[in-house]
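Numbering (our numbering), first residue to last: 153 to 294.
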């Protein structure tokens, strides 16, 4: 497990119930692993709305990912992406049978359940490279 550099982020993780915290720590590790590319440049870990948030180290590369609980589903942990992206639609098309979604903003996980690591890591990579991929697509089109 990676050490926390930000005490406020550590405190946010510590505030979750043990099963949820374990699941969220696994998600955190997948985010860090997916971000270890030259394009993404690692991640910056901070808090947004009191929840752990991960921004690509390289500016304008991707969108922020947040981890947290879900008011409407208190038994779930969530990986949130910006609701004005097409990321959740993309995730659904790729992993609709393997993942559970909430609207256009989150992937839901049952605390303590085994994570589908390959699918989640791919989703995280798509989020962390969202803007770079859009830029490449526009450049290729015209």
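Yeah, the Cβ is synthetic: ideal placement off N, Cα and C, and Gly gets one too.
Being a predicted model, the structure only gives us computed values, none of them experimental.
Residues that residue i bridges to, as DSSP identifies them
i           : result
residue 207 : 196
residue 221 : 229
residue 260 : 230, 252
Where residue i falls, given that 16 or more other Cβ within 10 Å makes a residue buried
i           : result
residue 287 : exposed
residue 281 : buried
residue 279 : buried
residue 235 : exposed
beta-carbon residue i near the ligand GTP non-hydrogen atom, thresh 7 Å
i           : result
residue 252 : With respect to the ligand GTP, the structure offers nothing, as it holds no ligand at all.
Span of the alpha helix (DSSP H), counted from its first residue to its last, around residue i
i           : result
residue 296 : Given that the chain is displayed from residue 153 to residue 294, the structure contains no residue 296 and the question cannot be resolved.
residue 278 : 269-280
residue 180 : 170-186
residue 244 : 239-247
Option nearest residue i by Cα separation, candidates the options
i           : options            : result
residue 201 : 217, 212, 193, 211 : 217
residue 163 : 203, 275, 211      : 203
residue 188 : 241, 210, 169, 255 : 210
residue 227 : 277, 237, 279, 172 : 172
residue 230 : 180, 213, 293      : 180
Practice task
Say whether the stretch 176-191 touches the stretch 215-223, bearing in mind that this needs 3 or more beta-carbon pairs closer than 8 Å, one atom from each stretch.
Solution key: yes
Practice task
Check whether the stretch 251-260 touches the stretch 188-200, counting contact only when three or more Cβ pairs, one atom from each stretch, lie closer than 8 Å.
Solution key: no
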